[in-house]
Every structure is written in structure tokens, then in C-alpha cells.
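Undergrad: Throughout the sequence shown, residue numbering follows the working numbering, covering 1 to 451 in sequence.
Think of the CB as a built atom: it goes at the ideal place given N, C-alpha and C, for glycine as much as any other residue.
Owing to the predicted nature of the structure, the values given are computational and were not obtained by experimental measurement.
Handing you a structure now.
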Amino acid sequence: MASLFLYHVIGDLTVGKPELVEFPDSASVAEAIVTIRDCTECGIPVWKERPPEKSGVPESAGSRQERFVGILNALDIVAHLSTESSLNDAEAALKVPVSQIVVPNNSLLRQVAPATRLVDALEIMKQGVRRLLVQRTVGWKGMSKRFSVLYNGKWLNPSDADEVSAEEKWCCLSREDMIRFLIGYLGKLAPLPLTSIEALGAISQQPLTLDSRAPAREAVRALGHDPPAIAVVEEEDNRGCRVIGDISAFKLWKTDHVSAAWALANLTAGEFVMGVEDIVPLSACSSRDALLKLSDQGGPKNHKKPNSSLKLGNASAPRATEGNRRKPNALSTVKEEDANGSSGSAKEWKHKGNSRRFSTRTLDFVNLYFDNSATEKSMSPRPYRGRSAPLTCRPSNSLAAVMAQMLAHRATHVWVTEQREDDDYEILTGIVTYADILTAVTKPTTLPNTN
């Protein structure tokens, strides 16, 4: 295990990583929605823009660190769009700069040199850093291989250069990248991979929870937490809490953010994660059209943009009840008929007279796809992989199994459940996060006592 951590460097993990494209804090929420959908992580680093007069001047490591604002995720966006002011004027809410909603935390990113040892990078991330900014220089090209930390018989200097060339490229490494790299060397980590997460102490015992009967809006308590996730639970006869779903940045990553915001503001936590069906007026339509209207990056080049105003709901209406729920109205206008008569989608809109069925089962967890050769009529939601079911594991599961589970689902966390001895009731006992796994894999192994 020592050889894996000592003779691999952080530059080994940059192979195949895309070049960093800074997302400015002056960009709008609508632009952030499109960027988060397309990114390979469930959060995007936000940066202050460099002054125009310094665009061609080399930037020091300290200056770059000062420009970093924080990491914006889907839960931040949905929480912003679910406020009363956003529900009253969604168009203005989507045009708000992300600097007003991102949680400022300059310590979430650290710049490191490509020659930094893997063990040092892991220690940095164990201290709370979620992104490592790594320089991709011409001199480092071709050196990403085993034992690359040894060069000309000497250790490479891991310290950062104070000044770097303006032409040099950068990439961002996450904790997921670390775990994905480590899972390829499970043999060198023995016996840790086959040890249970309970024995390794890789379970956080006090996860955030929210009663299923509580308003879903209370999930904003998870903002700023690591990970930004809260378990939605049910409690029966004091037998413990059973997790039925979660509200998290991971679950909202590929969703329809605008519609999820309406659901967050109007539904209970249980309805939000399990799904609820209702009838909404014909004037209400999918928020994917709203995103197309406000962002030229999100859809086909030749689609027809709706001209109607953007509204998410009526702020004066009462809060959600079983029979009196605020409806998402006038998001945009959908044509019911074309020149030749009613289209297939129009028939769906004519369901039950002048209304259609609204379902959070598909609205909250959808993945929009765009056909560049099609019109807006052919753009439709399709279920997102994973839906609303929470990822769970048992305390007896091995570390390798939990790592593989998180990587397979691109998840930031897994809820730990345990079955009661007297019945089949599954109770929530904890959560496993990236930080827990990084701590577990760097634990010193103890040899069994042979005396």
C-alpha cells in the first residue's frame, strides 16, 4: 500500500481529464443550469473574472486561489428558484448572477503541482478540499506512469511555482477521480478493500434527516454540508427511521431544475421523493421550454422559442395541501395543433378536457435530450437513471463494494441501513461519503497478533 501512495503522483490522474474552463461568477443561473447538466461532476467551481488588462499576464498561484469563490451545485440552484420571489418572477430569478447564490468557500479548492505525491494529495482532501487544481505543462507531458515521482534519481519538487506561463493548461481533480484511480489498485490496498465499512469506521453516524411529512423546502438545511444531502425518512411506532429517498445535489444533478424548484416549494418531502400526481391547467407546460427561452446554449439551433412570459406559480396562493396545491402556470406556451390538425403531443395535452396530468415521478427526475434536427415538439423528457430511489448499503458491506457502488452511480454518498432482528424493517444508521472513504483507504493496516 505504501508503494501506491508514495510512487504515484497527482499528475498520473490528469490523463484524459478535460481542460479547465472557468465558470464566472457573473454568469446567470440559467447558464449554470446548462453547465451543470453537461458537466461530469454534480457541482461546478465558480471563479471571479480576471480584469481585462491582466488577461495576458501570467497569474500567480495565490492570485488564482483568491479568485476562486466556491462550488455551485444543483441544490443551490433549486433552493434559489424555490423562494417566494423566484416563484413570483422566475424569469428574473434565472437571470440572477450565480455570485448571489453560490456558498462562498475559498478553501474547497487547492492548487498543487503535478509532482505532488498521491499520499500528500489525499491528506489535502481529507482536510476538506474537494477540488485539486493541477497544472498541465508541456514538461509533464508523457511522464504519467508508474514511479514517475523519481526523476534523474531525485524526488521531484512538489512545490508550486510562484509564476506560471499564461499558455499553460489546467485541469480540476475531484475526490471521485481519486477513488476511481484507487479502485484500479485494490490489490495494493489489501486487506482494506475486503474489510467491512463498519470495521474501518467509514460510517458517519449522524446524517441529516427530514421527516417525510415536513415541507420539502426544509431540505435547504443541507446547503453547505458535505455532501449537500438530506435523507427523507419515515418513522413507525418508534422502531427507527426508514429512509425512503433523499433530497441532494446528486439527485437534482440531471433533473428539471425549474420544475423541481416548484415541487420543493409546494410539496412535502415524502411527495417530493416518492412522486405525486395532480391535474394542472392546459396553460401550464414543461419548464424545458423555459430553459430553451433563456439560454441559447441548451437546445437546438433551429428550435422555435416560446414568446410567452415565464411564471412558476401564484405567490398569493396557499401552501400545498392535498386538495389545494399551487399549480405551475404559464411557464410557456405549447401549440396544440399544427397546420394539419392535432399532433401526438397535443393529444396528450388535451387529456381530460382542458388539462393534463402533472407527475413528479417524471418531472423531478428527468433528463432532457435535444435533437438538433428537430423542432421543439420533439423535445421530450425521459426518466433519469436512478430515479428517486436512495442508494443504500449495509454496515457489513466491504469497502470495495461501496466504492464500486458510488462510482457506478456517480453518487456522492450512500445511506447505510440495517435490518432489525425481529422483522424486515430497514432503519437508517448512517451515511458513507467521499471523505469517509478517503479516510478509510489511508488508515494504517494492523497485523494480527500471533502471540
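(1) Go through its chain and collect everything with a Cβ distance to Gly270's Cβ below 7 Å, but skip five positions before and after it.
(2) May I have a chain-ordered list of the alpha helix (DSSP H) segments no shorter than 4 residues that lie completely inside the region 164 to 209?
(3) DSSP on Ile101, reduced to helix/strand/coil?
(4) Would you give the residue range spanned by the alpha helix (DSSP H) that Gln405 belongs to?
(5) In or out: Ser3 buried (at least 16 other Cβ within 10 Å) or exposed?
(6) Is it the case that the Cβ atoms of Ala261 and Ser82 are separated by a distance below 8 Å?
(7) Secondary structure at Val273, three-state DSSP: helix, strand or coil?
(8) Assign Ser373 to buried or exposed, taking buried as 16 or more other Cβ atoms, counted over all protein chains shown, within 10 Å of its Cβ.
(9) Rounded to whole angstroms, what is the Cα-Cα separation between Ala93 and Asp12?
(10) Mind checking who Gln135 pairs with in its DSSP beta bridge?
(11) Give me, in chain order, the residues of the same chain whose beta-carbon lies closer than 7 Å to that of Val441; leave out the 5 immediate sequence neighbours on both sides.
(12) Report the start-end ranges of each beta strand (DSSP E) in the region 216 to 266 that is 3 residues or longer and not cut off at the edges.
(13) Cβ of Pro104 within 8 Å of Cβ of Ser28?
(14) With H, G and I counted as helix, E and B as strand and the rest as coil, what does DSSP make of Glu19?
(15) Note down the Cα distance separating Glu234 from Ile203, rounded to an integer number of angstroms.
(16) Out of Pro395, Ile431, Asn73 and Trp415, point me to the one whose CA is closest to Ser467's CA.
(17) Name the residue from Ala199, Lys443 and Tyr434 whose alpha carbon lies nearest to the alpha carbon of Arg130.
(18) Quick check on this structure: which residue in Glu31, Ala90 and Trp170 has the alpha carbon closest to the alpha carbon of Ser259?
(19) Taking the straight line between their C-alpha atoms, what separation do you get for Arg110 and Thr14?
(20) Under three-state DSSP, which class holds Val96?
(21) Determine the direct distance from the alpha carbon of His409 to that of Ser398, and round the result to whole angstroms.
(22) Taking all protein chains shown into account, do 16 or more other C-beta atoms lie within 10 angstroms of the C-beta of Asn266, making it buried, or fewer, making it exposed?
(23) Considering Gly430, what are the terminal residues of the beta strand (DSSP E) in which it resides?
(24) My understanding is that Arg136 touches Glu168, with C-beta atoms under 8 Å, so please give their C-beta distance in whole angstroms.
(25) Rounded to whole angstroms, what is the Cα-Cα separation between Trp415 and Gln405?
(26) When the Cα of Lys17 is compared with those of Tyr7, Cys172, Arg180 and Ile437, which residue comes out closest?
(27) Start and end of the alpha helix (DSSP H) containing His80?
(28) My output table needs one value for Asn302: the three-state DSSP class, helix, strand or coil.
(29) Measure the alpha-carbon distance for Ser248 versus Gln127 and round it to whole angstroms.
(30) Buried or exposed: where does Ala61 fall if 16 or more other Cβ atoms within 10 Å of its Cβ makes it buried?
(31) Using the Cα positions of Pro45 and Asn238, report the straight-line distance between them to the nearest angstrom.
(32) Could you please give the first and the last residue of the uninterrupted alpha helix (DSSP H) stretch that includes Arg37?
(33) Per DSSP, which one or two residues make a beta bridge with Cys393?
(34) Measure the alpha-carbon distance for Ile179 versus Pro444 and round it to whole angstroms.
(35) Residues in its own chain within less than 7 Å of Val78 by CB, not counting five upstream and five downstream?
(36) What is the rounded straight-line gap between the Cα of His225 and the Cα of Pro207?
TA: With the structure as the only source:
(1) Ser212, Arg213, Val232 and Ile244
(2) 175 to 182 and 197 to 200
(3) coil
(4) Leu399 to His409
(5) exposed
(6) yes
(7) helix
(8) Here the model assigns Ser373 a pLDDT of 39, short of 50, so the residue's position is not dependable and the matter cannot be decided.
(9) 41 Å
(10) Trp170
(11) Leu182, Leu189 and Leu192
(12) 229 to 235 and 241 to 248
(13) no
(14) coil
(15) 21 Å
(16) What is shown of the chain runs 1 to 451, which leaves residue 467 out entirely.
(17) Tyr434
(18) Ala90
(19) 15 Å
(20) coil
(21) 17 Å
(22) buried
(23) Glu426 to Thr433
(24) 7 Å
(25) 11 Å
(26) Cys172
(27) Ala74 to Leu81
(28) Annotation note: pLDDT 34 at Asn302 (below 50); position unreliable, no value reported.
(29) 22 Å
(30) buried
(31) 42 Å
(32) Val29 to Asp38
(33) Val416
(34) 18 Å
(35) Leu252, His257, Ala260, Ala261 and Leu264
(36) 10 Å
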